[in-house]
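What follows is one structure encoded as structure tokens, with my remarks underneath.
Protein chains: 4
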Amino acid sequence: MTISVAVSGASGYAGGEVLRLLSNHPDVTIGAITAHSNAGQRLGELAPHLHSLADRMLVETTVQQLRGHDVVFLALPHGHSAEIASQLPAETLVIDAGADHRLESPEAWEKFYGSPHAGSWPYGLPELPGARAKLVGAKRVAVPGCYPTSVQLALVPGFTAGLLEPDDVVVVAATGTSGAGKSAKINLIGSEVMGSMSPYGVGGSHRHTPEMEQGLSAAAGVPVTVSFTPTLAPMSRGILTTATAKVKPGIDEATLRQAWASAYKNEPFVHLLPEGQWPATSSVMGSNHAQIQLAFDPHAGRVIVSAVIDNLTKGTAGGAVQSMNIALGLSENAGLTLEGVAP
Amino acid sequence: MTISVAVSGASGYAGGEVLRLLSNHPDVTIGAITAHSNAGQRLGELAPHLHSLADRMLVETTVQQLRGHDVVFLALPHGHSAEIASQLPAETLVIDAGADHRLESPEAWEKFYGSPHAGSWPYGLPELPGARAKLVGAKRVAVPGCYPTSVQLALVPGFTAGLLEPDDVVVVAATGTSGAGKSAKINLIGSEVMGSMSPYGVGGSHRHTPEMEQGLSAAAGVPVTVSFTPTLAPMSRGILTTATAKVKPGIDEATLRQAWASAYKNEPFVHLLPEGQWPATSSVMGSNHAQIQLAFDPHAGRVIVSAVIDNLTKGTAGGAVQSMNIALGLSENAGLTLEGVAP
Amino acid sequence: MTISVAVSGASGYAGGEVLRLLSNHPDVTIGAITAHSNAGQRLGELAPHLHSLADRMLVETTVQQLRGHDVVFLALPHGHSAEIASQLPAETLVIDAGADHRLESPEAWEKFYGSPHAGSWPYGLPELPGARAKLVGAKRVAVPGCYPTSVQLALVPGFTAGLLEPDDVVVVAATGTSGAGKSAKINLIGSEVMGSMSPYGVGGSHRHTPEMEQGLSAAAGVPVTVSFTPTLAPMSRGILTTATAKVKPGIDEATLRQAWASAYKNEPFVHLLPEGQWPATSSVMGSNHAQIQLAFDPHAGRVIVSAVIDNLTKGTAGGAVQSMNIALGLSENAGLTLEGVAP
Amino acid sequence: MTISVAVSGASGYAGGEVLRLLSNHPDVTIGAITAHSNAGQRLGELAPHLHSLADRMLVETTVQQLRGHDVVFLALPHGHSAEIASQLPAETLVIDAGADHRLESPEAWEKFYGSPHAGSWPYGLPELPGARAKLVGAKRVAVPGCYPTSVQLALVPGFTAGLLEPDDVVVVAATGTSGAGKSAKINLIGSEVMGSMSPYGVGGSHRHTPEMEQGLSAAAGVPVTVSFTPTLAPMSRGILTTATAKVKPGIDEATLRQAWASAYKNEPFVHLLPEGQWPATSSVMGSNHAQIQLAFDPHAGRVIVSAVIDNLTKGTAGGAVQSMNIALGLSENAGLTLEGVAP
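This is the structure in structure tokens:
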């Protein structure tokens with residue numbers, strides 16, 4: 001059986017990564033490849049790394065072009081995907097790599113996005129408690145944001161196990177520049193970003209913050225508050241998340257390790273590293289892998305969890321393909337690798 | 001049928017890349033993984049990106065460990081592979097990623113390596129005229145050097161077609177630092193190489209020079225002389241080769257394009273880009289792909305050919321796996337991708 | 001008047017940066033340049049960027065070589081500088097870029113360094129309250145660590161003004177690889193660090209932690225606890241510090257801004273950026289400048305302060321030269337620039 | 001005496017670098033700072049690394065704004081500088097960092113730029129034979145292009161000494177991305193350029209080619225033909241030029257070395273490195289220094305010369321300031337450093 005798949009937003013980095021993964025997926029045929037301002041161009045001009053699709057033409061992103069496929073991936077600016085998805089048949093599996101359907105709370109959505117809430121969909125982070133079951137057979141999937149993927153993978157085991165205080169999570173994360181999109185802006189040109197690190201979205205304003213709090217709160221059973229600061233690092237791909245939370249009284253490092261080890265012991269794509277080994281983003285480059293390590297600082301009373309993912313793979317397109325695989329009952333790792341391209 | 005494969009030199013970058021590719025190869029089982037100074041360690045400590053093999057232990061590189069596999073990959077310093085290969089059974093497919101068996105001329109070998117010549121093997125660059133036929137069924141394969149791979153792919157079509165003068169080829173190439181190996185040297189540390197470019201092996205002293213001349217001379221039917229200058233670029237992977245040769249009188253750009261287009265039109269892993277599109281190393285990152293473009297400069301009387309490969313993949317481990325596939329009659333692209341990990 | 005200066009540890013990055021700055025200092029003459037394992041070599045071989053000193057020979061680091069200068073810079077491993085300093089005349093200005101004399105608490109020293117405490121010296125961070133006065137005329141100066149420089153500059157104004165809670169400071173910082181020294185280690189080679197971010201010294205174990213707490217506690221008047229996580233970024237120079245602290249009830253962002261603006265309004269080398277402009281490490285590359293910005297996150301109850309410095313300049317050698325200038329009554333900015341080398 | 005200086009095009013990289021150097025120049029006062037699309041903004045918003053000028057406002061680039069200064073630096077697109085310069089008083093020293101007045105040949109200008117030739121000015125590469133004398137007292141100076149600076153410094157000594165064949169120079173150069181300007185283009189964003197090398201302007205089409213040939217031909221006394229291929233490297237600054245030329249019969253390496261050593265032995269900013277030491281672009285970062293090394297390849301009959309400069313400093317703004325110093329009779333190295341910011 002071959003599954004027909006359409007990919008919209010294919011001229012961006014997220015859409016391109018979906019195509020890269022699908023090119024090596026044993027069960028799919030790539031149908032329509034759509035874009036907006038780049039419609040009418042050969043894919044090879046825009047994404048020369050996708051050679052097997054180089055002669056495919058980008059068509060305009062419309063419901064007509066996307067209809068008639070078994071699966072539609074949406075890699076569109078927020079607002080656009082909700083509009084298009086609402087016009088696609090209910091039996092089509094729609095996987096939205098954008099933000100429109102991630103948040104359950106209309107209030108949180110409106111506060112951070114300033115527009116009406118389009119409703120939430122099953123959440124494409126299968127490693128969360130209960131998430132995989134909701135994805136099986138689903139026809140609509142909201143792919144998590146890249147930062148929320150890493151932050152939830154970093155902290156959920158501790159909250160699920162009841163080991164962490166909910167009121168003062170502090171997260172600082174560094175992302176590669178592809179996280180800022182394929183966008184011609186002066187602050188993103190190589191001369192500006194190479195050899196430099198800088199923060200952005202500081203002070204609680206980043207739109208991924210409520211998504212992190214949603215997942216951590218669900219795990220904790222009480223509201224969790226996150227101080228989140230993203231930074232831009234001089235690399236194309238990768239997220240290194242440093243997530244810290246106060247540990248409840250009486251908990252020691254062994255108990256903490258046990259919670260994380262247990263949460264991920266059967267996961268194909270998320271692993272706690274052996275004690276003493278710290279992760280590096282290069283280890284997961286191009287793979288769907290998340291590597292995690294933690295340490296307890298008794299002096300500060302905090303656990304510090306480091307998590308690395310490739311923002312475009314596990315953080316976006318890989319998570320999307322993994323969710324598709326689960327939704328359709330395919331092998332969960334079809335089209336995905338556990339091996340990073342390193343060095 | 002599953003093919004058992006041993007990989008020696010697995011703690012280095014070439015050996016690690018062979019393992020990365022084999023991890024996703026549908027027809028092989030990875031047997032012994034050997035090293036020398038790192039024997040006794042978990043692979044996961046040395047190569048955390050190879051997670052599916054993380055718990056495998058490195059064993060000492062000996063004939064005993066390597067014997068008994070269908071295929072043995074050697075990623076060893078020159079001199080070592082010849083010695084080990086001579087003790088492996090004739091029916092074992094031995095693929096040497098090192099230099100020992102690349103050169104046909106004992107004089108060239110001795111001049112550049114200063115030791116006795118161990119004899120030449122079928123040459124693992126299937127895109128050369130006649131090379132694929134010699135690889136089918138071969139039990140010994142010499143994988144080309146990374147620079148010679150790119151230089152021969154860049155220029156052989158022009159020499160084969162008789163369009164280029166043999167006496168004054170000039171090549172300048174830039175390589176990522178992985179080409180210098182996983183070696184703890186001050187001049188290779190990040191602080192020294194980031195933000196910097198530098199030449200090395202200047203003046204005809206680089207050991208890959210006679211290998212380039214061997215391949216180009218064979219294509220030309222007369223001796224070809226190459227001036228080769230390698231440079232080190234601030235990136236981990238990739239080679240950008242700029243190869244120039246004088247064009248014979250009366251030849252125009254269309255004739256040149258036709259020669260390259262024709263040479264590569266049926267190749268799975270080497271492509272001449274559409275006119276006007278120049279290659280970038282990022283497009284082939286982690287893939288077995290070579291992208292090529294050329295321009296004729298009538299003022300200087302030279303054709304300039306740009307070729308990009310990933311030095312560790314098509315330049316080493318990918319070429320090795322491609323050669324294995326051909327030698328064993330597998331699908332030539334098994335375990336290999338055409339899509340680069342970009343951006 | 002010309003001041004004679006000796007520089008020890010000149011083959012390392014800190015010593016090299018001291019020499020770079022002194023080469024353009026109007027008031028000094030560079031005398032002995034010393035090293036240990038590299039003694040006997042031309043400086044030009046080891047530090048080709050210091051062309052005006054290229055033909056100077058490195059001599060062995062001994063008291064004899066250092067004696068007889070007006071100023072001695074020590075850029076040595078901890079333990080070594082205390083030993084040498086104790087043998088230098090009391091009238092020599094000794095500026096220690098190492099750790100030996102930074103900590104006032106013998107207990108903190110012994111806990112983190114495991115050796116007897118050598119006593120504390122006037123602290124070379126003139127922007128701290130009261131620090132400049134202690135540096136005037138001093139004959140011994142302890143240059144702060146690079147991370148503590150950035151963290152104290154980031155947070156001291158808030159503690160001095162009584163606006164911050166002392167019990168839960170969280171700091172995550174990213175440093176360029178030169179912070180790890182000129183050391184031939186596999187984990188520092190370019191192939192490993194380019195395109196990658198990774199944490200180290202996680203869980204409260206980094207030796208700069210007690211130094212941060214010392215300075216913040218002095219400013220707060222009560223003990224301050226810091227959770228500190230350093231990370232290694234793919235760039236040669238620069239530190240981006242993200243420092244967060246809980247804000248006392250009733251304090252708003254305007255009050256916070258006012259405290260920082262007031263603290264730095266007359267400082268030559270430390271500046272709060274205009275509201276809305278966030279710092280980047282490239283802006284201070286090679287300069288003695290620290291750029292700072294802050295935001296208040298009322299939801300999380302924290303102020304987030306971003307501070308950027310060049311770890312080798314304001315974070316080490318520039319701070320050392322600035323301290324020398326103050327100690328000797330020279331112009332505080334002699335030999336130092338406020339302009340970064342950007343892009 | 002203080003010299004008043006205006007800088008136009010100050011929002012670009014060349015103009016910014018002129019300002020950085022002038023900020024530390026002992027003899028000048030910076031007057032008007034002009035731009036076009038960024039007029040009306042604070043300099044600190046656009047160039048946060050120029051802190052001492054952060055509060056200066058950019059004014060529109062007009063003759064009125066520029067008039068009344070002793071010196072005017074033009075860092076404008078070609079065509080614009082000629083127009084403005086023609087309206088500035090003859091007694092004003094006008095230093096054009098653009099291309100308009102570099103070429104002596106109207107035919108070459110029209111062929112490569114497609115517009116009428118504005119005439120040539122004294123050429124701001126003082127290290128060329130006879131160039132310094134023409135700069136003394138000059139009121140108009142054409143600053144060389146960055147590539148031509150490095151190529152002429154690399155090869156002129158050999159042509160002046162009559163050691164090189166004029167008919168087949170091959171140059172391949174790698175530049176940092178700042179050479180492509182501060183321009184918001186997709187192909188220049190960090191995600192595209194980091195970890196990647198690519199060629200551009202291949203086949204003799206780069207506009208710097210006739211400028212190289214002009215200088216080399218003048219040195220050789222006969223027309224010199226250059227095949228020039230520029231490449232873009234993943235770094236912000238720096239040019240590594242690999243320049244090769246055929247050596248005349250009977251010339252050996254010692255004779256070659258002697259020619260270069262002799263040409264540069266008294267130069268303050270250009271040096272032949274000791275034998276065996278190869279240059280790296282990081283060594284000259286931010287400095288006005290050019291480092292050169294050469295090797296003779298008797299097999300290929302070519303000399304290979306490596307030259308490194310900072311494209312923005314010695315390649316543009318540093319060369320401009322050096323020329324100003326000579327024209328006005330100031331110390332040639334005022335405001336310039338020989339020390340690179342490394343690592």
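Residue numbers (the UniProt record's numbering), protein chains in the order written: chain A, 1 to 343; chain B, 1 to 343; chain C, 1 to 343; chain D, 1 to 343.
Virtual Cβ for every residue (Gly too), placed ideally from N, Cα, C.
Note that the structure is a prediction, hence the values are computed from the model and not measured.
Asked	Found
Exposed unless 16 or more other CB atoms sit within 10 angstroms - verdict on Pro144/A	buried
Listed by chain order, chain B residues near Leu240/D by CB distance under 8 Å	Met197, Ser198, Pro199 and Thr231
C-alpha gap between residue 344/A and Ala220/A, whole angstroms	Given that chain A is displayed from residue 1 to residue 343, the structure contains no residue 344/A and the question cannot be resolved.
Helix, strand or coil at Leu272/C according to DSSP, with G and I counted as helix	strand
The region 259-273 of chain A in contact with the region 147-163 of chain A per 3-pair CB rule at 8 Å	yes
Identified DSSP bridge partners for Tyr123/A	Ala142/A
The region 280-287 of chain A in contact with the region 322-335 of chain A per 3-pair CB rule at 8 Å	no
Residue of Gly119/C, His101/C and Ala32/C minimising C-alpha distance to Arg56/C	Ala32/C
Rounded straight-line distance, which links the Cα of Ala180/D to that of Ile95/D	21 Å
Best match in His206/C, Pro48/C, Val59/C and Glu213/C for proximity to Gln41/C [C-alpha to C-alpha]	Val59/C
Contacts of Phe296/A in chain C (Cβ-Cβ under 8 Å)	Gly203
Nearest-angstrom Cα separation, counted from Ser120/C out to Ser236/A	44 Å
Outcome for Val171/A when other beta-carbon atoms lying within 10 angstroms are tallied against a minimum of 16	buried
is_contact[Ala184/C, chain B] using C-beta, thresh 7 Å	yes
Members of the region 300-321 of chain A near chain C, C-beta cut-off 7 Å	Ala300, Arg302, Ile304 and Ser306
Short Cβ contact (7 Å threshold) for Val270/B with Ala300/B	no
Candidates Thr337/C, Met324/C and Leu338/C: closest to Thr92/C by CA position	Met324/C
Same chain, Cβ closer than 7 Å to Ala90/C, neighbours up to 5 away in sequence not counted	Lys139
CA-to-CA distance, Pro230/A to Pro166/A, given in whole angstroms	20 Å
Sequence-distant residues of its chain with Cβ nearer than 6 Å to Gly9/C (five each side left out)	Gly15, Ala75 and Leu76
Coarse secondary structure for Ala35/B, derived from DSSP in three states	strand
Which of helix, strand or coil DSSP assigns to Leu58/C	coil
Contact the region 21-36 of chain C vs the region 331-343 of chain C: 3+ CB pairs below 8 Å	yes
Interface flag, Ser191/D vs chain A, CB-CB below 7 Å	yes
Short CB-CB distance (under 7 Å) between Ser282/C and chain F	The question asks about chain F, but that chain is absent: this structure's protein chains are A, B, C and D.
Neighbour-count burial assignment, Pro148/C, 16 or more Cβ in a 10 Å radius	buried
Cβ-based neighbour list, Val308/C, same chain, cut-off 6 Å, excluding 5 preceding and 5 following	Leu240, Pro279, Thr281, Val284 and Gln291
First through last residue of the beta strand (DSSP E) which encompasses Pro166/A	Counting along the chain, Pro166/A falls outside any beta strand (DSSP E), and DSSP gives it neither H nor E.
Beta-carbon neighbours of Leu188/D, restricted to chain A and to distances below 7 Å	Ile189 and Gly190
Reduced DSSP secondary structure (H/G/I, E/B, other) of Ile186/C	helix
Neighbour list for Tyr13/A in chain D, Cβ cutoff strictly below 8 Å	Ser191
Sufficient close CB pairs (3 or more, under 8 Å) joining the region 175-194 of chain B to the region 179-197 of chain C	yes
Leu155/A in three-state terms, based on DSSP	helix
Whole-angstrom distance between Pro234/D and Asp297/C, CA atom to CA atom	36 Å
Residue span of the alpha helix (DSSP H) that contains Thr135/D, given as start and end	In the sequence under discussion, the amino acid at residue 135/D is Leu, which differs from the Thr named in the question. Start and end: Ala131 to Leu135.
Which listed residue (Gln65/D, Thr61/D, Gly98/D and Ile84/D) has its alpha carbon closest to that of Gly319/D	Gly98/D
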